[in-house]
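Colleague: Residues in the sequence shown are numbered consecutively from 2, following the working numbering.
From the three backbone atoms N, C-alpha and C, an ideal C-beta is built for every residue, glycine too.
So that we are looking at the same thing, I have put the structure below in structure tokens.
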Amino acid sequence: MFLYDVNFLFAMLTVDHEHHRAARAWRASLADKSWASCEISVSGFIRLSGNPHVTKAPKKPAEAWHLLKANMGTPRHRWLEAPVPGSKGFEEILLRCESHRQVTDAFLIHLAITNRAMLATFDHRLKHLSPDPDAVEVIPLF
């Protein structure tokens, strides 16, 4: 099962995103298409969907939520609850962070590891942030 980071989730569901085709092609190649989301990926998706600097067709928050909710309403989707703050492993990932810009990524990696999932991302730098490089799948851009 894959936990989609915000940018990957946004690319998957936004037709005018530059990496939409790469995201769809990668997912189509998987035997197991189960995926997960969490509070961070949902709120990030809704935020990006309404940003006119990111998409040619910005959506109102409720519109973005309805699109995402429809995709989450399949048997292949699983909701991941955030681990208890201070749970084992999170500090190890934070120690690998070089700046404040990696904190959300650190949390998503921790969430994936805690739930025996893999984080799907376009960002190759996240492999080095994870104590378990196999917990991060970097999606190739075609």
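In angstroms with no decimal places, state the Cα-to-Cα distance between L109 and E93.
Modeller: Computed Cα separation, rounded: 13 Å.
Colleague: List the endpoints of the continuous beta strand (DSSP E) containing L4.
Modeller: Unbroken beta strand (DSSP E) run through L4: 3-5.
Colleague: Measuring straight from C-alpha to C-alpha, what distance separates M13 and R22?
Modeller: Taking the straight line joining both Cα atoms gives about 8 Å.
Colleague: Might you give, ordered along the chain, the residues of its own chain that have their beta carbon closer than 6 Å to the beta carbon of L10, omitting 5 neighbours on each side?
Modeller: So the qualifying residues of the chain are S42, F46.
Colleague: Can you confirm whether A12, when its beta carbon is compared against all beta carbons of chain B, has any partner nearer than 9 Å?
Modeller: Checking the listed chains, one finds no chain B in this structure; it contains a single protein chain.
Colleague: Does the Cβ of L142 have 16 or more other Cβ atoms within 10 Å, making it buried, or fewer, making it exposed?
Modeller: Exposed, by the Cβ-count rule.
Colleague: Can you find the residues in the same chain that come closer than 6 Å, C-beta to C-beta, to S49, ignoring five residues on each side of it along the sequence?
Modeller: A quick correction: the sequence has Leu, not Ser, at residue 49. Closer than 6 Å at the Cβ level, and outside the excluded window around L49, lie F11, V55.
Colleague: With a threshold of 16 other CB atoms inside 10 Å of the CB of S35, please say whether the residue is buried or exposed.
Modeller: So S35 ends up on the exposed side.
Colleague: Take A24 and list the residues in its own chain whose beta-carbon comes closer than 7 Å to its own, dropping the five residues that flank it on each side.
Modeller: So the qualifying residues of the chain are F9, A12, M13, I140.
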